[in-house]
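Going line by line, the protein sequences match chains A and B.
In this text, residue positions in the first sequence follow my numbering: the first is 1, and each later residue adds one.
In this text, residue positions in the second sequence follow my numbering: the first is 112, and each later residue adds one.
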Amino acid sequence: DAGVTQSPTHLIKTRGQQVTLRCSPKSGHDTVSWYQQALGQGPQFIFQYYEEEERQRGNFPDRFSGHQFPNYSSELNVNALLLGDSALYLCASSSEGVVFYFGPGTRLTVT
Amino acid sequence: GNSVTQMEGPVTLSEEAFLTINCTYTATGYPSLFWYVQYPGEGLQLLLKATKADDKGSNKGFEATYRKETTSFHLEKGSVQVSDSAVYFCALSVPTDSWGKLQFGAGTQVVVTP
């Protein structure tokens, strides 16, 4: 059984560009959450998707948006990239909202 | 609001030493508590969890007990190995309030030397 998978592994973008990150949840999981982890810090909650709807959102600007597809996979989009958006972006999935399993993350570098 | 406070690192230990990482929390409602571990260059792995007061979570020799009276969830291991070197995160969620949104502490780096 594959766990949570994310793509790409690494990404380098320029300020002002847009980026899309992808996540496939663990088999049987219907809820996907996205987190941003800056270097040396704990992950910060961006938003959560359930039944293709954004169910909850953390303290992130509208430049961060997402989508969940009927097969429960998800995308995170970030527009107008800033240097401060450089971080590890983690996807986590769950089937009952109690225990979340994380993917390996996408390392985004903005230059 | 909900928050997690854990001891600052790095914590440096010799192999076979006893490890304790302190974690305390503030939460509305009745949180579930978690310890996640992050090895260099990797994502987070769930280490153990406890969903109600006095529960003890355990895995791979690590243990933590949910103490409601002291709002704590300290992580312990009796004899660490070099392979335990990683960053450890304490986290909470209040499922009935926030659909499992995880609130993390800042992380504690553990370095185990041979």
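Where a beta carbon is used, it is the ideal one built from N, C-alpha and C, also for glycine.
The structure presented is a predicted model; accordingly, all values stated were derived computationally and were not measured.
1) Short of 7 Å Cβ to Cβ, which residues in the stretch 89 to 110 of chain A face chain B?
2) For a contact defined as C-beta to C-beta under 9 Å, what are the partners of B:A217 on chain A?
3) Which one of B:Y150, B:M118, B:T131, B:T116 has the shortest CA to CA distance from A:F102?
4) How would you label B:A202, buried or exposed, when you count the other beta carbons within 10 angstroms and need 16 or more for buried?
5) Please decide whether A:S33 counts as near chain B, where near means a Cβ-Cβ distance under 9 Å.
6) What in chain B is Cβ-close to A:F45, meaning under 7 Å?
7) Which partner residues of B:S204 appear in the DSSP bridge assignment?
8) The stretch 153 to 170 of chain B: which residues have C-beta closer than 9 Å to a C-beta of chain A, in chain order?
9) Can you tell me whether B:S190 is helix, strand or coil according to DSSP?
10) Per DSSP, B:Y136 forms a beta bridge with which residues?
Checking against the coordinates, here is how it stands:
1) L90, S94, G97, V98, V99, F100, Y101, F102, G103, P104, G105
2) G40, Q41, G42
3) B:Y150
4) buried
5) yes
6) K212, L213
7) B:S143
8) E153, G154, L155, Q156, L157, K160, T162
9) coil
10) B:V115
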